[in-house]
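For the sequence shown, full-length UniProt numbering begins at 1 and goes up steadily by one. C-beta atoms are modelled at their ideal positions from N, C-alpha and C, and glycine is treated no differently. Structure, as structure tokens:
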Amino acid sequence: MAEFEVTIEREDEWLNFEGRPYLFEPEYTEEELAEMEENRRAAEEAVEITGVPHTPNRCEGDWWCSCGQCQPMATEKECLCCRESDVFRHGLENSEARFLTAMDDFRALINPAVVQTFFNVPKIN
Numbered sequence: 001m002a003e004f005e006v007t008i009e010r011e012d013e014w015l016n017f018e019g020r021p022y023l024f025e026p027e028y029t030e031e032e033l034a035e036m037e038e039n040r041r042a043a044e045e046a047v048e049i050t051g052v053p054h055t056p057n058r059c060e061g062d063w064w065c066s067c068g069q070c071q072p073m074a075t076e077k078e079c080l081c082c083r084e085s086d087v088f089r090h091g092l093e094n095s096e097a098r099f100l101t102a103m104d105d106f107r108a109l110i111n112p113a114v115v116q117t118f119f120n121v122p123k124i125n
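Written out as structure tokens, the structure reads:
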């Protein structure tokens, strides 16, 4: 492993950089930082003028969940509460369950054999 070790001398000090993956990532310049700050201020001013606040990213929390069981996912498209979707809402209206995973049929829907069959059946339309 020593053959891949990188060391540099800085002010009479030897530094070992093995195992520090983001050490040489570029940093923002002063101009970029100033531009980011200007954009942030412009967004705040737009909210003051229009009165419409910026909608936060769904991946940053579960504020969008109305059933109380959702968790933030990797993308905003995946961050969907079962009460927001028409597909799930119909099933919830006909059930005593408060959320999708509490429905009696949910265990059958996530059964590996059912999921495998679903993806192997030819789709029409």
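Integer Cβ distance of residue i from residue j, believed to fall under 8 Å
i	j	result
residue 64	residue 79	6 Å
residue 114	residue 108	6 Å
Reference residue i, options the options, closest by Cα
i	options	result
residue 67	101, 22 and 58	101
residue 57	74, 42 and 44	74
DSSP state of residue i mapped onto helix, strand, coil
i	result
residue 59	helix
residue 80	coil
residue 39	helix
residue 105	coil
residue 68	coil
Cβ-based neighbour list, residue i, same chain, cut-off 7 Å, excluding 5 preceding and 5 following
i	result
residue 98	67
Contact check, residue i vs residue j, beta carbons under 8 Å
i	j	result
residue 59	residue 84	no
residue 62	residue 72	yes
Beta-carbon proximity list for residue i, same chain, < 8 Å, skipping 5 on both sides
i	result
residue 122	none
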